[in-house]
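Note that my numbering numbers the sequence shown so that position 137 is 137, with each residue one more than the last.
Don't be surprised by glycine CBs; every beta carbon is placed ideally from N, CA and C.
Read the structure below first, then the notes.
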Amino acid sequence: MKIISIETKKVDLELLEPFRVSLGLITSLSTVLVRIKTEDGYVGYGESAPLSFVTGETVDSVISAINLMSKTLIGMDSACIEKIHETMNRTFRENNVAKAGIDIAIYDILAKRANLPLYKYLGGSKNSFELDKTISMETPEKMAKLALKVKSEGFNIVKVKLGERPKKDIARIKAIREAIGSDMTIRIDANQGWTKIEAIKIINAIEKYDIEVIEQPLKYWDLEGHSLVREKVMIPLMADESLFSPMDAIKIIKEKAFDSFNIKLMKSAGLHNAIKISSIGEAAGYQCMVGCMGESLIGISAGASFIAGRTNVPFGDTDSIFHMAQPSAITGGFTVTNGVVTMSNEPGLGIEVEWDKL
Ligand SMILES: [Mg+2]
Numbered sequence: 001m002k003i004i005s006i007e008t009k010k011v012d013l014e015l016l017e018p019f020r021v022s023l024g025l026i027t028s029l030s031t032v033l034v035r036i037k038t039e040d041g042y043v044g045y046g047e048s049a050p051l052s053f054v055t056g057e058t059v060d061s062v063i064s065a066i067n068l069m070s071k072t073l074i075g076m077d078s079a080c081i082e083k084i085h086e087t088m089n090r091t092f093r094e095n096n097v098a099k100a101g102i103d104i105a106i107y108d109i110l111a112k113r114a115n116l117p118l119y120k121y122l123g124g125s126k127n128s129f130e131l132d133k134t135i136s137m138e139t140p141e142k143m144a145k146l147a148l149k150v151k152s153e154g155f156n157i158v159k160v161k162l163g164e165r166p167k168k169d170i171a172r173i174k175a176i177r178e179a180i181g182s183d184m185t186i187r188i189d190a191n192q193g194w195t196k197i198e199a200i201k202i203i204n205a206i207e208k209y210d211i212e213v214i215e216q217p218l219k220y221w222d223l224e225g226h227s228l229v230r231e232k233v234m235i236p237l238m239a240d241e242s243l244f245s246p247m248d249a250i251k252i253i254k255e256k257a258f259d260s261f262n263i264k265l266m267k268s269a270g271l272h273n274a275i276k277i278s279s280i281g282e283a284a285g286y287q288c289m290v291g292c293m294g295e296s297l298i299g300i301s302a303g304a305s306f307i308a309g310r311t312n313v314p315f316g317d318t319d320s321i322f323h324m325a326q327p328s329a330i331t332g333g334f335t336v337t338n339g340v341v342t343m344s345n346e347p348g349l350g351i352e353v354e355w356d357k358l
């Protein structure tokens with residue numbers, strides 16, 4: 001069951017429309033796909049999708065980190081996931097995006113070898129779940145139109161990017177709620193864009209618009225600030241950029257800084273730590289969402305498998321496939337109808353890849 005090869009391939013993903021969040025404007029995206037082969041004939045696919053302003057990694061750094069880690073990983077037993085992570089952690093303290101690509105490909109192999117779809121290998125809590133669709137930060141009028149479009153596509157949940165000054169952000173939520181009516185769920189992501197005072201002011205002003213949750217109001221390092229804001233508002237706060245590792249999860253719980261977790265496989269170095277983070281959350285009464293970076297169907301299928309696999313992960317935000325044209329050489333995974341994802345019953349990720357056509 002030895003690992004015999006680890007390959008990478010850079011793939012450019014075309015954005016259907018430029019996407020603006022408080023951290024910057026995203027106009028193009030590249031990702032790194034990973035293919036691992038084992039002695040007993042299995043092939044696993046993974047993905048390392050860096051979003052440098054969140055993860056600190058780039059396509060080039062991911063490829064060189066994977067090449068370096070491969071030197072020790074090739075020859076190791078692919079069944080020993082804990083040892084594989086130990087070995088990767090001895091090579092790099094961080095580089096979680098690079099590690100995620102390897103982790104996902106190994107989990108694809110482990111599930112294929114068990115002849116189970118990955119979501120069942122991870123626990124099989126459910127075979128379908130509801131997804132949100134995110135809208136870019138624009139003028140209130142344009143965001144109201146975008147939210148209506150999300151509704152017309154059959155989604156019941158819209159995720160709204162905010163993170164500018166109070167007057168503008170409050171106007172955005174007012175316009176969106178008035179446009180879509182009262183039935184649809186609104187979740188918000190401020191992407192670290194507010195100060196403490198702005199956060200308290202905005203969150204209290206928009207409480208009347210029935211908001212499910214607000215992601216990451218303040219800077220990623222400011223757990224104390226989040227804890228202070230949390231005491232003064234009634235809408236729950238979700239950790240995103242503040243949460244990479246299981247150790248971060250413990251710190252957040254100790255500081256009472258947030259109410260729930262947004263796990264992303266690119267932040268957590270893949271599924272292995274995602275399991276640990278969601279288990280820590282579960283034991284502390286924190287529910288989890290799984291979000292994504294600019295990922296292809298491979299990364300998204302791994303995230304979807306994790307949501308479907310775990311009881312403590314009821315919230316789905318793996319929506320990058322709706323914002324980017326997907327390479328025709330990658331197919332399978334799952335189906336989406338009216339915002340509801342149904343998992344495939346094929347072994348592993350259930351993804352077919354024509355590697356040479358990428
Ligand atoms: Mg977020």
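- Straight-line measurement puts the Cα of LYS99 at about 17 angstroms from the Cα of SER296.
- As far as DSSP is concerned, VAL150 takes part in no beta bridge.
- The three-state secondary structure of ARG310, taken from DSSP, is coil.
- Per DSSP, the continuous beta strand (DSSP E) segment holding ASN262 begins and ends at 260–263.
- With fewer than 16 other Cβ atoms from the protein chains shown falling within 10 Å of its own Cβ, LEU25 counts as exposed.
- Under the three-state reduction of DSSP output, ASP77 falls in the strand class.
- Here LYS37 carries a strand assignment [DSSP, helix/strand/coil].
- Under DSSP, VAL21 takes part in a beta bridge, and its partners are GLY24.
- When only Cα atoms are considered, TYR220 and ASP40 end up about 43 angstroms apart.
- The bridge partners DSSP lists for ARG187 are LYS159.
- The beta carbon of THR58 sits closer than 7 angstroms to the beta carbons of PRO50, SER52 from its chain, once the five residues preceding and following it are set aside; these are given in chain order.
- Within a 10 Å sphere around the beta-carbon of ASN345 sit fewer than 16 other beta-carbons, which makes this residue exposed.
- Excluding sequence positions up to five before and after LEU162, its CB lies within less than 6 angstroms of the CB of ASP169, ILE188, ALA190, all in the same chain and listed in chain order.
- If you check the C-beta of GLU215 against ligand 1, you find a heavy atom less than 7 angstroms away.
- In the same chain as ILE202, and ignoring 5 residues on each side of it, the C-beta atoms closer than 7 angstroms to its own belong to PRO166, ASP169, ILE170, TRP194, in chain order.
- Between the C-alpha atoms of ASN89 and LYS256 there is a straight-line separation of about 28 angstroms.
- A contact between stretches requires three or more CB pairs, one per stretch, nearer than 8 angstroms, and the stretch 127–147 fails this requirement with the stretch 79–96.
- Distances from the CB of GLY291 to the heavy atoms of ligand 1 include at least one below 7 angstroms.
- Residue pairing by DSSP places PHE334 opposite MET343 in a beta bridge.
- Ranked by Cα distance from VAL62, the options SER28, TRP355, VAL97 are led by VAL97.
- GLY309 has its alpha-carbon roughly 5 angstroms from the corresponding atom of LEU122.
- Per DSSP, LYS2 is not a residue of any alpha helix (DSSP H), being assigned neither H nor E.
- In the structure shown, ALA239 adopts extended strand secondary structure according to DSSP, grouped into three states.
- Rounded to whole angstroms, THR318 and MET1 show a C-alpha spacing of 31 angstroms.
- The beta carbon of ILE252 sits closer than 6 angstroms to those of ALA239, PHE258, all from its chain and outside the five residues before and after it, given in chain order.
- Out of GLY75, ILE157, ILE300, the CA that lies nearest to the CA of ILE3 is found in GLY75.
- Beta-bridge pairing by DSSP links MET289 to ASN262, PHE315.
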